[in-house]
Structures are given as structure tokens and as C-alpha cells.
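Engineer: Numbering (the working numbering), first residue to last: 89 to 408.
Glycine residues also receive a C-beta, built at the ideal position from the N, C-alpha and C atoms.
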Amino acid sequence: MEVPTVKGLLVVNLGTPQAPDPSAVGAYLSQFLSDPRVVDLPRWLLLPVLKLVIVPLRRYRSAEAYRKIWTPKGSPLMTGSIKVAERLQQELKHEAVVRLAMRYGQPGIRRGLGELRIAGIEQLIVLPLYPQYSTTTTESVFDAVSTELKQMEWFPELESIQKYHDAPGWSLAVADSIREFQSSAGKPDKLLFSLHGIPQRYVTNGDPYASQCEQSVQDVANELELDEDQWVLTYQSRVGREPWLQPYTDHVLKELAASSTKHVQVVCPGFAVDCLETLEEIAMRNKSFFLQNGGEIFEYIPALNDRDSHVSVLADLIRN
89 MEVPTVKGLL VVNLGTPQAP DPSAVGAYLS QFLSDPRVVD LPRWLLLPVL KLVIVPLRRY
149 RSAEAYRKIW TPKGSPLMTG SIKVAERLQQ ELKHEAVVRL AMRYGQPGIR RGLGELRIAG
209 IEQLIVLPLY PQYSTTTTES VFDAVSTELK QMEWFPELES IQKYHDAPGW SLAVADSIRE
269 FQSSAGKPDK LLFSLHGIPQ RYVTNGDPYA SQCEQSVQDV ANELELDEDQ WVLTYQSRVG
329 REPWLQPYTD HVLKELAASS TKHVQVVCPG FAVDCLETLE EIAMRNKSFF LQNGGEIFEY
389 IPALNDRDSH VSVLADLIRN
């Protein structure tokens, strides 16, 4: 009798500082910004500037932002990711062993892989919690997994999920979350789909991220049967002076407010769970931009988090 292959699922999200203080945030930023997939400058140029200028300056400002969203249970990204992984384990209890890892910070990828190895898994599936693929995020996860497996001298059958915005049910799950929110809040004058930006240079050089963002947002808009003048795709979280993907979320919100748009809602379908970029950057800072420039109602629509529909989409990805 043939014994079924033991399947392991490593769910990976970006990561978070261990605490909302400058020391922990500085350690996290150092690891994150030294990743050549994230910042592709020569190491000899980047690392001294990172250590002496960027991290010392940014850790205090970032720590203040984290403090605004920190909960008694810790980082929202961590608690939200844990819930998704736990729900996936419940859904796949007879089909896979599930472990959660963070690309930067803890629990690390090596720890997750080690636990799956001890569990006796033979087939490893890596699921980065990024609906749209980018070399700056998804490929960085694959780099880290490959490096750790080589160092562990462990070579299970490996499958990596590059994207899932086009998986059956994903656009419907996002659309349903928007409908549910609007059933009590009402419909806005404009719906913004705000996705994390990357430098325009990366897309020019072949990164497919922008086209996948456009397609995924169009799919959700189609599910909602929205006219083109009812929604707009924007990009947030830019850093530095070089051009990033446009239009910029903060600029669009200021322009809408100045043009007498009174009510906007913002959804961030590139984020699997709520985090600093959604809860502080969008729901706090960008809300202020809109209200201070003449807008009247700003509402943030939460990420899919551990909604049943989201967990079902991810579980079906693993089954298939």
C-alpha cells in the first residue's frame, strides 16, 4: 500500500519589529533594507549609509508609527498572520502541516523549515502572503527559503506559489468584503484601491508587479460592477526621491478633497492582513490628508485577514 506524501505549508509574510521601540525597529529596518531585492544599490554604498544615516534617522519615526497601532497582543501584522496560519491549519488538518514564518524578524524562515522537517514532511509548499508577485517581495522569500534549505542540506519536493490574485475566488472575496462594509457605511463618491508601490525603474526592467496590480483591481471592480469614474488605482508607501509607481495615494486624496469630493473609501487589496501600511499610513495619515484638504468622510475598508473566503481561497491553492 502506497503511503501518502506528507505535505508541508510554509506561510510567509513580510515581518514586523518585536516591539514598538527604536531599538527593535532599528534591528528590523537593518535586516529589511539590507535585502538586495528591496534596495538594489551596491552593498559597499548602501550598507554604510544604512548603518550611519538611514536606520538611525528612521527608527524613531517608525517606532512612533508602530506605537499608534500596537495592540496588547502585539503587532497587528503578526497577530493577523498567526490567525491566517491557524485557520489554514484547521482547514487543511488532514492534508498539510502548516507553519508561519516572517521574511524579516521572527519567527524566521529557518525556524519554520526546521519544524516542518521534524514533522517529516516530504513535499514543501511555500506561500508568500502577497497576492501580486514582485521581485522585491515574493522573490525575496524564495531567495531566503532556497538559501536556508541549502544550509540545512535538506531538499524536499518544493513548490512555490508566486501569486494568487488570479486564483478562483480571490477577487470575489475582496469584492464581498467591500460590499459588506458598504452595506452599513454606504457607497462613497470615490473608491480607492491603494497598493504598495515599488520604484518605477523595477517595472521598467521587467518586474510584472504593476500589470498584476492593474489586473487584480480591474477584476474586483468588475465583480462590483463599478463604472470607471467610480474608482481609481493608486500606490502608497514610496521612499526616497526616485519615481515610484503612480498615481500616489496621498496626492490623489489631496486632489480629490480639493475638487469637492466629500466621501472616499480606501481598500488595500495587496495586503493579506492589516499592518502598519494600512492601519497607520492609510487609516490615520492619509485620512488626515483628505480631511485637512476639504474632504468630509474617509473610511478604510479592512484587509481580508482571516475571513472565511480568504482562508478558503488559500486552502484551495494548496489543494490544487
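What residues in its chain sit with their C-beta under 7 Å from that of ALA173, if we drop five residues either side in the sequence?
Structural biologist: Here residue 173 is taken as the residue at index 85 of the sequence shown, counted from 1. Correct list, in chain order: VAL99, VAL186, LEU188.
Engineer: Taking the continuous beta strand (DSSP E) assigned at TYR192, which residues delimit it?
Structural biologist: On the sequence shown, position 104 is the one that residue 192 refers to. TYR192 -> beta strand (DSSP E) spans 185 to 192.
Engineer: According to DSSP, is THR292 part of a helix, a strand, or is it coil?
Structural biologist: Counting from one through the sequence shown, the residue named residue 292 turns up at place 204. DSSP places THR292 in helix when its eight states are reduced to three.
Engineer: Leaving out the 5 sequence neighbours to the left and right, which residues in its chain are closer than 7 Å to GLU227 when beta-carbon positions are compared?
Structural biologist: Translated into positions along the sequence shown, residue 227 becomes position 139. Only ARG125 meet the Cβ criterion.
Engineer: Counting pairs of Cβ atoms below 8 Å between the segment 377 to 391 and the segment 351 to 362, do you hit three or more?
Structural biologist: yes
Engineer: For the candidate residues LEU121, LEU312, SER325, ASP338, whose alpha-carbon lies nearest to that of ARG267?
Structural biologist: On the sequence shown, residue 267 is found 179 positions in, with the first residue counted as 1. It is LEU312.
Engineer: Using a Cβ distance threshold of 8 Å, determine whether the segment 277 to 295 contacts the segment 304 to 323, with at least three qualifying pairs required.
Structural biologist: At 8 Å Cβ cutoff, the stretches touch.
Engineer: Does the distance from the C-beta atom of GLU302 to that of TYR154 stay below 9 Å?
Structural biologist: Residue 302 sits at position 214 when you count from the first residue of the sequence shown. Residue 154 sits at position 66 when you count from the first residue of the sequence shown. Taking C-beta atoms as the reference points, GLU302 and TYR154 fail to come closer than 9 Å.
Engineer: What's the C-alpha gap between ALA309 and ASN293?
Structural biologist: Position 221 of the sequence shown, counted from the start, is the residue given in the question as residue 309. Position 205 of the sequence shown, counted from the start, is the residue given in the question as residue 293. Rounded to the nearest angstrom, the two C-alpha atoms are 28 Å apart.
Engineer: Going by DSSP in three states, GLY96 sits in which element: helix, strand or coil?
Structural biologist: Within the sequence shown, the letter at position 8 stands for residue 96. Strand.
Engineer: For SER282, name the three-state secondary structure that DSSP assigns.
Structural biologist: For the purposes of this step, residue 282 is taken as residue 194 along the sequence shown, with counting starting at 1. Strand at SER282.
Engineer: Taking the beta carbon of ALA360 as the centre, do at least 16 other beta carbons fall within 10 Å, making it buried, or is it exposed?
Structural biologist: Translated into positions along the sequence shown, residue 360 becomes position 272. That one is buried.
Engineer: I'd like the list of long-range same chain contacts for THR224, defined as Cβ closer than 7 Å, with 5 residues on each side in sequence excluded.
Structural biologist: Numbered from its first residue, the sequence shown carries residue 224 at position 136. Excluding residues within five positions, the ones whose Cβ falls inside 7 Å are ARG125, VAL126, ILE286, TYR290.
Engineer: Which of the three DSSP states, helix, strand or coil, is assigned to MET89?
Structural biologist: By one-based count along the sequence shown, residue 89 stands at place 1. Per-residue confidence for MET89 stands at a pLDDT of 39, beneath the threshold of 50, marking its modelled position as unreliable; the derived number appears in the next sentence. Residue state, collapsed to three classes: coil.
Engineer: Taking C-beta to C-beta, are VAL233 and LEU217 nearer than 9 Å?
Structural biologist: As a working mapping, residue 233 is identified with position 145 in the sequence shown. As a working mapping, residue 217 is identified with position 129 in the sequence shown. In this structure, LEU217 does not lie closer than 9 Å to VAL233 by Cβ.
Engineer: Between the segment 106 to 116 and the segment 143 to 158, do three or more beta carbon pairs fall short of 8 Å?
Structural biologist: yes
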